[in-house]
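Student: For the record, the sequence lines run as chains H and W.
So for the first sequence, the numbering used here puts the first residue at -13; every next one is plus one.
So for the second sequence, the numbering used here puts the first residue at 23; every next one is plus one.
Let me begin by handing over the structure; questions about it come next.
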Amino acid sequence: QVTLKESGPGMLQPSKTLSLTCSFSGFSLSTSGMVVSWIRQPSGKSLEWLAAIDWDGDKYYNPSLKSRLTVSKDTSNTQVFLKITSVDIADTATYYCARAKLGGALFDYWGQGVMVTVSS
Amino acid sequence: DIQMTQSPSVLSASVGDRVTLNCKASQNINKYLNWYQQKLGEAPKLLIYNTNNLQTGIPSRFSGSGSGTDYTLTISSLQPEDVATYFCFQHNSWYTFGAGTKLELK
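Written out as structure tokens, the structure is:
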């Protein structure tokens, strides 16, 4: 059974660095073709793909946010991390991690999402 | 950047209706178009991938079509559990979601 779960700070101040963790089970990120992506959704709005890391450790970033994003994974291939630097109010959103395979764009399993509020 | 425009933004329909949701890309996306369903308070769910491929476990009343810049999600007979927001998503050049169509019961 594939499951993913996001965790994060809940709230942080503008200009700080947001650190998020995606913990998953039921698959291994070391399996060829596997990809984990981060996607966010401000309340009541659409979705925005942020970043991805694949089974080979290759990393992909949304070009419009690339300078602020860092995606990584742990050596046991059961967790993926996302850091966003210099956050502001516009980064307030629910952050999801999602699994994909065979090319990375078919997000077939999603976490429940974690709400992050940026506020002073 | 490829922009995705969905129409209508809100659609009201009755149970049993045939429903069509539209998605238009700002350039040719070569059928690299997925549809996601998001119910209130839940994560999105993959319905259709690469224009017309039904994801495992999704009811056959859902279907997709299109090419070039214009794509459609059709629900052949609307059910109460289909009330949700539907997002199209292109993966031809990076990844972009549409703004969504909110489907309501009339």
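Think of the CB as a built atom: it goes at the ideal place given N, C-alpha and C, for glycine as much as any other residue.
Just so we're clear, the structure is a prediction, and the values are computed from it rather than from any experiment.
Out of curiosity, what's the CA-to-CA distance linking Ala79/H and Glu64/W?
Tutor: Stepping through the first sequence from its first residue, residue 79/H is reached at position 93. Stepping through the second sequence from its first residue, residue 64/W is reached at position 42. So the alpha carbons of these two residues sit roughly 14 Å apart.
Student: Under 9 Å between C-beta atoms, does Gln(-13)/H make it to chain W?
Tutor: Taking the first residue of the first sequence as 1, we reach residue -13/H at position 1. It does not; no Cβ of chain W falls within 9 Å.
Student: If I measure Cβ to Cβ from Ile80/W and keep anything under 7 Å in the same chain, skipping five residues before and after, which residues do I get?
Tutor: To locate residue 80/W, count along the second sequence from 1; it is residue 58. Excluding sequence neighbours, Ile80/W sits near Leu69.
Student: Using a Cβ cut-off of 9 Å (strictly closer), state whether Pro81/W contacts chain H.
Tutor: Along the second sequence, one-based indexing puts residue 81/W at 59. With 9 Å as the cut-off, Pro81/W does not count as an interface residue toward chain H.
Student: Can the beta-carbon of Phe119/W be found closer than 9 Å to that of Leu33/H?
Tutor: Within the second sequence, residue 119/W is the residue found at index 97, counting from 1. Within the first sequence, residue 33/H is the residue found at index 47, counting from 1. For Phe119/W and Leu33/H, yes; Cβs fall inside 9 Å.
Student: Note down, one range per segment and in chain order, each beta strand (DSSP E) of at least 3 residues found wholly within the segment 47 to 85 of chain W.
Tutor: Taking only runs of at least 3 residues, the beta strand (DSSP E) segments lying wholly in the segment 47 to 85 of chain W are 55 to 60, 67 to 71.
Student: Tell me which residues of the segment 67 to 84 of chain H have at least one Cβ-Cβ distance to chain W shorter than 7 Å, keeping chain order.
Tutor: From the segment 67 to 84 of chain H, only Tyr82 have a Cβ closer than 7 Å to chain W.
Student: Checking 9 Å against the spacing of the C-beta atoms, do His50/W and Asn72/W come in under that value?
Tutor: As a position in the second sequence, residue 50/W is number 28, starting the count at 1. As a position in the second sequence, residue 72/W is number 50, starting the count at 1. Going by the sequence as given, residue 50/W is Asn instead of His. No; because the gap between Cβ atoms is not below 9 Å, this pair is not in contact.
Student: Given 8 Å as the limit, is there contact between the segment 62 to 69 of chain H and the segment 90 to 105 of chain H, that is, 3 or more CB pairs closer than that?
Tutor: No, the segment 62 to 69 of chain H does not touch the segment 90 to 105 of chain H.
Student: In angstroms, rounded to a whole number, what distance separates the CA positions of Pro102/W and Ser53/H?
Tutor: Taking the second sequence and counting its residues from 1, one reaches residue 102/W at position 80. Taking the first sequence and counting its residues from 1, one reaches residue 53/H at position 67. In a straight line, the C-alpha of Pro102/W is about 44 Å away from that of Ser53/H.
Student: Can you name the residues of chain H whose CB is closer than 9 Å to the CB of Ala121/W?
Tutor: On the second sequence, residue 121/W is found 99 positions in, with the first residue counted as 1. Under the 9 Å cutoff, chain H gives Lys31, Ser32.
Student: Take the Cβ of Gln(-1)/H as the centre, count every other Cβ of all protein chains shown within 10 Å, and call the residue buried at 16 or more, exposed below.
Tutor: Working through the first sequence from its first residue, we reach residue -1/H at position 13. It is exposed - the Cβ of Gln(-1)/H has fewer than 16 other Cβ atoms within 10 Å.
Student: Can you check DSSP and say which residues form a bridge with Ser89/W?
Tutor: Within the second sequence, numbered from 1, the residue matching residue 89/W stands at position 67. Answer is Asp92/W.
Student: Could you tell me whether the Cβ of Tyr93/W comes closer than 9 Å to any Cβ of chain H?
Tutor: Here residue 93/W corresponds to residue number 71 of the second sequence, with the count starting at 1. Closer than 9 Å: no.
Student: Could you check which residue in Glu126/W, Ser98/W, Tyr54/W has the C-alpha nearest to that of Cys45/W?
Tutor: Locating residue 45/W in the second sequence gives position 23, where the first residue counts as 1. The shortest C-alpha separation from Cys45/W is found at Tyr54/W.
Student: Pull out every residue of the segment 98 to 109 of chain W whose Cβ sits closer than 7 Å to any Cβ of chain H, in chain order.
Tutor: Here the close residues are Phe109.
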